[in-house]
Each structure stands twice: as structure tokens, then as C-alpha cells.
Amino acid sequence: MTVSYKQISNIVDQWSDNLPFPTGFQKHRRDIVQNTYLQFLTALTTLGFTKNEIEAATGGLYNLVERRLDAIYRSGLVILKLGGSAPLHDR
């Protein structure tokens, strides 16, 4: 893995760790995933990475964002069912 691929992977990991629980995810799933993907892509290209580098480093940024948001949504539902609280974010 080249240095830029490792940097991209680390950045995406950090950003996706800080994604909020997406309220309305079931109804607006496609829009939420698309908007998050575009935010990540725009930010990474602004940092100087090419789209090809980003896609190669992440194995497909859109699919990665989609999987991460799905996981956040599912784990947030479990937390809420157990009586805890999850930080909510309306999109």
C-alpha cells in the first residue's frame, strides 16, 4: 500500500468514526449515503487526492460510506432499544 493510500484510509476511518446517527435513514437512505459520499469525495479531492487514488484506497468509497452508515444506523437502533441514547443528527 502506498503512502497516499494509507493516508486516505486513515482519513476516511477518522471521518467515518465521527459520523452521527442518521435519523430518517430508512426513508432517506439513498440521499444520506449519496450526500455523505459527496462530502467525503469533495474533501479528499480538496486535500489533493485523485478520484482514482480514493477509489483504489477505499475499495470503492461509495460502498464504504454505505456500509459504515448502515453499521452506525443498526448499532444506534440497538443502543436506543436498550434504553441508552445516541447522538442524533437530522439531515
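Numbering (my numbering), first residue to last: 1415 to 1505. Even for Gly, the Cβ is constructed at its ideal location relative to N, Cα and C.
Contact between T1450 and V1479 holds, with the beta-carbon distance rounding to 5 Å and staying under 8 Å. Going by DSSP, N1466 is part of the alpha helix (DSSP H) stretching over 1465-1472. Annotation for S1430: R1482 place their beta carbon closer than 6 Å to its own, counting only its chain and skipping 5 residues before and after. Put simply, of T1416, I1422, D1484 the residue whose alpha carbon is nearest the alpha carbon of T1460 is I1422. Straight-line spacing of the CA atoms in D1484 and I1446 works out to 11 Å. Between K1441 and K1420, the alpha-carbon positions lie close to 34 Å from each other.
With a 10 Å radius around the Cβ and a threshold of 16 neighbouring Cβ atoms, A1471 comes out buried.
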